[in-house]
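Here the structure is laid out as structure tokens; the discussion comes afterwards.
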Amino acid sequence: MARPYGDPVEIITAPVPAQSPFIPADAKIVVGAVAPASPDPIPIVLLPGFEYRMREWRHPTTHEIHWQLERRKSAQHGDDDE
Numbered sequence: 114m115a116r117p118y119g120d121p122v123e124i125i126t127a128p129v130p131a132q133s134p135f136i137p138a139d140a141k142i143v144v145g146a147v148a149p150a151s152p153d154p155i156p157i158v159l160l161p162g163f164e165y166r167m168r169e170w171r172h173p174t175t176h177e178i179h180w181q182l183e184r185r186k187s188a189q190h191g192d193d194d195e
């Protein structure tokens with residue numbers, strides 16, 4: 114059985130500070146993750162043994178785009194994923 118992603122965290126993004134012909138004008142950079150205990154975004158730490166994916170999420174009322182980082186335990190060699 115496939116391992117589900119869990120522990121979603123909202124990602125704070127900001128406009129890219131420099132312009133480049135290789136970076137689209139509406140591209141964003143990751144500033145950090147939201148945390149209730151901190152007024153500023155917290156740096157994201159990626160732990161070994163996990164797989165990560167970012168997922169776009171649109172707020173149902175404001176329709177603003179938000180990003181969530183999700184993680185799951187990595188499949189180890191020899192594990193059944195079916």
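With our numbering applied, the sequence shown covers 114 to 195. Where a beta carbon is used, it is the ideal one built from N, C-alpha and C, also for glycine. Remember, predicted model here, so these are calculated numbers, not experimental data.
Mind reading off the beta-carbon distance from residue i to residue j? Whole number of angstroms is fine, and I expect it under 8 Å.
i      : j      : result
His179 : Glu123 : 6 Å
Lys141 : Pro128 : 7 Å
Starting from the Cα of residue i, find the closest Cα among the options and give me that residue.
i      : options                           : result
Pro156 : Phe163, Met167, Pro149 and Val143 : Val143
Met167 : Glu183, Pro134, Thr174 and Pro161 : Glu183
Pro161 : Pro117, Thr175, Ser133 and Ala188 : Ala188
Gln181 : Thr174, Pro137 and Ala148         : Ala148
Gly119 : Trp170, Tyr165 and Thr174         : Tyr165
Ile125 : Pro152, Phe135 and Gln132         : Pro152
Can you tell me where the beta strand (DSSP E) with residue i in it begins and where it stops?
i      : result
Ile142 : Lys141 to Ala146
Gln181 : Ile178 to Lys186
Tyr118 : Premise fails: Tyr118 is in no beta strand (DSSP E) and is neither H nor E.
Phe163 : Phe163 to Arg171
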